[in-house]
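Visitor: If you read the protein sequences in the order shown, they are chains A and B.
Taking my numbering, I'd label the letters of the first sequence as residues 103 to 416.
Taking my numbering, I'd label the letters of the second sequence as residues 221 to 566.
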Amino acid sequence: MMKGLGGYLLKRVFYMLATLWLIITITFFLMKLLPASPFTNLDKLSKTQVEILYSQYGLDKPVAVQYLIYMRGFAKGDFGVSFQFKNQPVADLLSERVGPSLQLGLQAILFGTLVGIVLGALAAMWQNTWVDALATIVAILGRSIPNFIFAVILQYVFGLRLGILPIAMWKDFSYTILPTLALSMSPMADAARFIRTEMVEVNNSDYIELARAKGMNRFEIALRHGLRNSLIPLITLLGPMAVGLMTGSLVIENIFAVPGIGEQFVKSITTSDYPTIMAVTVLYSAMLVVVILVVDLLYGIVDPRIRVAGEGDK
Amino acid sequence: MGNILEVRDLQISFDTYAGRVRAIRGVGFDLRQGETLAIVGESGSGKSVTSRAIMRLLANNANIDGGHIYFKGDDLLAKSERQMQGVRGKEISMIFQDPMTSLDPTMNIGNQVEESYRKHFRSGKGEASARALELLELVGIPDAKRRMKQYPHQFSGGQRQRIVIANALICDPDILIADEPTTALDVTIQAQILDLMKDIQKKVSTSIIFITHDLGVVANVADRVAVMYAGKIVEIGLTDEIFYDPRHPYTWGLLCSMPTLAASGDRLYSIPGSPPNMLTPPTGDAFHPRNPYALAIDAQEEPPVFRISDTHQVSSWLLDPRAGKVEPPGEIRRRQEWFAAHRAAG
């Protein structure tokens, strides 16, 4: 049994590394195809000055050689030095900023899906009643209104009007509440819609009928049988949703002045800060492949039918 | 033996987009302590609806228009949903047709079997587990202790139906309603499950309502048989009375359409026509459009109930003294003669 799971994990990790390598390579060469240069005011410098600059950063060598040098550094955990912030190693630059983004993303996905699941479950339990209608309206609003609109509304209501939460900046937990709320709207809406549909279907299944015939009430049925069976398909949705939140929060980070990674990414591209572009890409892809692995493992926990072969058949 | 359940003049209709469907039109029967009553009929005859009405598990669009279901003296139809939750699973439990979908795929079978025991007796995990193990052994799950930790997909169809039965019996209910429990199983497994049910009934003396469309199954398990047609019981009697002295032309049709060894080689009889549309049930005796023995009055007036014996009642105009003598089909005559001789011989 352990051998089955261990072997499976080993295989998965190998595929993850292969995926990462592919992404790094493709990104590296695509990036070099960009016509822009990392140096502004090139026209004001003399030819020798430009050549010195290029050789100083190793940009005078052929692209293939640059790639090999980058990969050698990468293997040693050296992501290079940022072009934009002089003498700042990219690794340090990102590690300062990855925290807030990760925290925001995780908080938003946890809060959003939890509330969404409850909302969807309630809607399904009282299908075609006012509860259902209300949950549907909330889901539609959450899905169709962009999160930066929510952000502004939240800032106005809680920050300006009620004055109970900080409008922006990043200091303690209270500073994370509003951006988390703004970010969690769309996962909440997605989860609510999804769980409702799933649970309505599950509620028509024979095992729910059997649970009723055992004398269980609505809540017991929903908690013990309904939710678990409805969650399985949601997990599929959860992976891409989580990555989207952890990486796509650029606008929210800007509105709330969160020192996150999203802002850094955009800046690095506009300034052709090659090492930063590479590092952020690697970081995002690493998150993605890890999340996908976690989702696959979660499946096995929720649904005994898709546990790794060998388990349970001892 | 006393009656554990008395159904009186039950009337149930369903609201559909096409209109109101009168699914049950005055069903009444008794269920005695410890007996097996089979309810037999074609699809749409109302047998499943009757059983669901006893559990009060009807669909949302169902209306109970009248009647009473007395269980140990209390009218189940007058109970609140909360009170019914205390009855379901504990005093009356039910098993369903398809064991492949009757179990929650995400919960191990030990937990599923224990579930209603823990709920109804507010017992701890240990006690419920011990009881579940006892039941799983009773229904013949080999190596039950270990297999309690397994999930439904790790069991075969026949084993799953055994588990469903264990589910239903864990609280030692007074009544077990089995809604076509063998229909989805293949024939050899069917026989095993039927044997199991008979066996268990001897041990725990539960009364069973056995819903089926398969008369062959009925002959094996039932003490009494009720034949339903178009939302009514048209004939009810002891199993022998139904099989060897049937009086209703619909029962004749059902029996003649059963394959027998004696009639092998012949073309199997089938009742002409199809079950009536209950949106607009036929006037009079609902069976008359398909009845080769129909009288003129069958189209006009519903037949009263005629008592053949204390246990045998039939609702058909053929039994009215004013109706001429009708010869039943050959197969039925053979049965009646054999039975008469058998009875004379003691």
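All C-beta atoms in this analysis are idealised placements derived from N, C-alpha and C, irrespective of residue type, glycine included.
#1: Should the stretch 237-244 of chain A be regarded as contacting the stretch 254-271 of chain A, the criterion being three or more beta carbon pairs within less than 8 Å?
#2: Which residues of chain B have a Cβ atom closer than 7 Å to the Cβ of ASN319(A), listed in chain order?
#3: So with CB distances below 7 Å, who are the chain B contacts of ASP308(A)?
#4: I'd like to check one pair, GLY346(A) with VAL397(A): are the Cβ atoms closer than 8 Å?
#5: Verify the CB distance criterion: does MET104(A) have a CB-CB separation below 8 Å to chain B?
#6: Shortest alpha-carbon distance to LEU278(B) belongs to which of ARG114(A), ASN306(A), MET173(A)?
#7: Give a yes or no on whether 8 Å exceeds the smallest Cβ distance from LYS310(B) to chain A.
#8: Between the stretch 424-450 of chain B and chain A, which residues of the former have CB atoms less than 7 Å from a CB of the latter, in chain order?
#9: Might you give, ordered along the chain, the residues of its own chain that have their beta carbon closer than 6 Å to the beta carbon of PRO401(B), omitting 5 neighbours on each side?
#10: Report yes or no: do the stretch 320-338 of chain A and the stretch 348-358 of chain A share at least 3 C-beta pairs separated by less than 8 Å?
#11: Applying a beta-carbon distance threshold of less than 8 Å, which residues of chain B neighbour ASN331(A)?
#12: Within the 8 Å Cβ cut-off, does VAL404(A) reach chain B?
#13: Within 8 Å of any Cβ in chain B, is that where the Cβ of LEU224(A) sits?
#14: Are three or more beta carbon pairs between the stretch 352-366 of chain B and the stretch 280-291 of chain A nearer than 8 Å?
#15: Tell whether a beta-carbon distance below 8 Å holds between TYR309(A) and SER322(B).
#16: I want to verify the contact list: residues of chain B whose CB lies under 7 Å from the CB of ALA315(A), in sequence order.
#17: Looking at the structure shown, is SER313(B) part of a helix, part of a strand, or coil, going by DSSP?
#18: Can you give the Cα-Cα distance for TYR376(A) and PRO164(A), rounded to whole angstroms?
#19: Nearest CA to the CA of LEU390(A): which residue from ILE408(A), MET343(A), GLY364(A)?
#20: For ARG382(B), which residues does DSSP report across the bridge?
#21: Note the first and the last residue of the continuous beta strand (DSSP E) segment covering GLU226(B).
#22: Can you give me the Cβ contacts of PRO496(B) inside the same chain, cut-off strictly under 6 Å, excluding the 5 residues immediately before and after it?
#23: Considering only residues of the stretch 215-251 of chain A, which uninterrupted alpha helix (DSSP H) runs meet the minimum length of 4 residues and lie entirely inside it, listed in chain order?
#24: Kindly list the residues whose CB is nearer than 6 Å to the CB of MET104(A), restricted to its own chain and excluding five residues on each side of it in sequence; keep chain order.
#25: Do TYR470(B) and VAL454(B) come within 8 Å of each other at the CB atom, strictly closer than that value?
#26: Which chain B residues sit within Cβ distance under 7 Å of LEU195(A)?
#27: Compare the Cα-Cα distances from ASP162(A) to each of ALA225(A), ASP274(A), SER139(A), VAL200(A) and report the closest residue.
#28: Cα separation between ASP285(B) and ALA298(B)?
#29: For a quick check, are the C-beta atoms of ILE431(B) and SER271(B) less than 8 Å apart?
#30: Got a sec? Which residues, its chain only, sit under 8 Å from MET448(B) by beta carbon, not counting five neighbours each side?
#31: Comparing the C-beta of GLU303(A) with each C-beta of chain B, is any distance below 8 Å?
#32: Determine, using beta-carbon pairs with one atom in the stretch 367-385 of chain B and one in the stretch 339-348 of chain B, whether at least three such pairs fall under 8 Å.
#33: Should the stretch 105-116 of chain A be called in touch with the stretch 139-159 of chain A, which here means at least 3 C-beta pairs below 8 Å?
#34: SER336(B) to CYS391(B), Cα distance in whole Å?
#35: Can you tell me whether SER427(B) is helix, strand or coil according to DSSP?
#36: Please name the residue in LEU339(A), TRP272(A), LEU221(A), THR127(A) whose C-alpha comes closest to that of ARG199(A).
Guide: Walking through what the data contain:
#1: Contact annotation: the stretch 237-244 of chain A does not touch the stretch 254-271 of chain A, with fewer than three C-beta pairs closer than 8 Å.
#2: Indexing the first sequence from 1 puts residue 319(A) at position 217. For ASN319(A), the C-beta contacts it makes with chain B under 7 Å involve GLN305, in order along the chain.
#3: In the first sequence, residue 308(A) corresponds to position 206, counting from 1. Those within 7 Å of ASP308(A) in chain B are PHE316, ASP318, THR321, SER322.
#4: Mapped onto the first sequence, residue 397(A) falls at position 295. Mapped onto the first sequence, residue 346(A) falls at position 244. In terms of Cβ geometry, VAL397(A) and GLY346(A) do not form a close pair [threshold 8 Å].
#5: In the first sequence, counting from the first residue as 1, residue 104(A) sits at position 2. Confidence at MET104(A) is low in this model, with a pLDDT of 47, below 50, so the placement of that residue is unreliable and no value is reported for it.
#6: Working through the second sequence from its first residue, we reach residue 278(B) at position 58. If we check each option's Cα against that of LEU278(B), ASN306(A) comes out closest.
#7: Here residue 310(B) is taken as the residue at index 90 of the second sequence, counted from 1. At least one chain A Cβ lies under 8 Å of LYS310(B).
#8: Cβ contacts with chain A come from no residue of the stretch 424-450 of chain B.
#9: Counting from 1 along the second sequence, the entry for residue 401(B) is found at position 181. Result list for PRO401(B): ILE315, in chain order.
#10: Too few Cβ pairs lie closer than 8 Å, so no.
#11: Along the first sequence, read from residue 1 onward, the residue named residue 331(A) stands at position 229. Chain-ordered, the chain B residues with CB closer than 8 Å to the CB of ASN331(A) read ASP324, PRO325, THR326.
#12: Taking the first residue of the first sequence as 1, we reach residue 404(A) at position 302. For VAL404(A), the nearest beta carbon of chain B is closer than 8 Å to its own beta carbon.
#13: Taking the first sequence and counting its residues from 1, one reaches residue 224(A) at position 122. At a cut-off of 8 Å between beta carbons, LEU224(A) makes no contact with chain B.
#14: The way I'd put it, the stretch 352-366 of chain B doesn't touch the stretch 280-291 of chain A; fewer than three beta-carbon pairs between them come closer than 8 Å.
#15: As a working note, residue 309(A) is residue 207 in the first sequence. As a working note, residue 322(B) is residue 102 in the second sequence. Cβ atoms of TYR309(A) and SER322(B): closer than 8 Å.
#16: One-based indexing of the first sequence puts residue 315(A) at position 213. Correct list: MET275, LEU277, ARG308, GLY309, SER313, MET314.
#17: Taking the second sequence and counting its residues from 1, the one referred to as residue 313(B) is at position 93. In this structure, SER313(B) counts as strand in the three-state DSSP scheme.
#18: Position 274 of the first sequence holds residue 376(A). Position 62 of the first sequence holds residue 164(A). One Cα belongs to TYR376(A), the other to PRO164(A), and the distance between them is close to 15 Å.
#19: Counting from 1 along the first sequence, the entry for residue 390(A) is found at position 288. MET343(A) is the residue among ILE408(A), MET343(A), GLY364(A) whose C-alpha sits nearest the C-alpha of LEU390(A).
#20: Within the second sequence, residue 382(B) is the residue found at index 162, counting from 1. Beta-bridge pairing links ARG382(B) to no other residue.
#21: The sequence position of residue 226(B) within the second sequence is 6, counting from 1. Counting along the chain, GLU226(B) sits inside the beta strand (DSSP E) bounded by residues 223-236.
#22: Counted from its first residue, the second sequence places residue 496(B) at position 276. Cβ contact annotation for PRO496(B) (same chain, cutoff 6 Å, sequence separation greater than five): ALA450, PRO502, ALA506, in chain order.
#23: The stretch 215-251 of chain A contains these whole alpha helix (DSSP H) runs: 232-246.
#24: Here residue 104(A) is taken as the residue at index 2 of the first sequence, counted from 1. Only weak support is given to the placement of MET104(A): the predicted model assigns it a pLDDT of 47, under 50, and the value that follows is read from those uncertain coordinates. The answer is none, since no qualifying residue turns up.
#25: By 1-based counting over the second sequence, the position of residue 454(B) is 234. By 1-based counting over the second sequence, the position of residue 470(B) is 250. Yes.
#26: Position 93 of the first sequence, counted from the start, is the residue given in the question as residue 195(A). Per Cβ cutoff of 7 Å: no residues; LEU195(A) is ~45 Å from chain B at best.
#27: Position 60 of the first sequence, counted from the first residue, corresponds to residue 162(A). Nearest option by C-alpha distance: SER139(A).
#28: Position 65 of the second sequence, counted from the first residue, corresponds to residue 285(B). Position 78 of the second sequence, counted from the first residue, corresponds to residue 298(B). Roughly 13 Å separates the two Cα atoms.
#29: Counting from 1 along the second sequence, the entry for residue 431(B) is found at position 211. Counting from 1 along the second sequence, the entry for residue 271(B) is found at position 51. Cβ distance < 8 Å, so ILE431(B) and SER271(B) count as in contact.
#30: Walking along the second sequence from the start, residue 448(B) turns up at place 228. These residues qualify, in order along the chain: VAL247, ILE259, VAL260, GLY261, SER265, GLY266, LYS267, THR270, VAL454.
#31: If you number the first sequence from 1, residue 303(A) lands on position 201. No, its Cβ sits nowhere closer than 8 Å to a Cβ of chain B.
#32: Using a C-beta cut-off of 8 Å, the stretch 367-385 of chain B makes no contact with the stretch 339-348 of chain B, since fewer than three inter-stretch Cβ pairs fall below that distance.
#33: Too few Cβ pairs lie closer than 8 Å, so no.
#34: Here residue 336(B) refers to the residue found at position 116 when the second sequence is read from its first residue. Here residue 391(B) refers to the residue found at position 171 when the second sequence is read from its first residue. When the Cα atoms are used, SER336(B) and CYS391(B) turn out to be separated by approximately 7 Å.
#35: As a position in the second sequence, residue 427(B) is number 207, starting the count at 1. Strand at SER427(B).
#36: Within the first sequence, the letter at position 97 stands for residue 199(A). Here the closest residue by C-alpha is TRP272(A).
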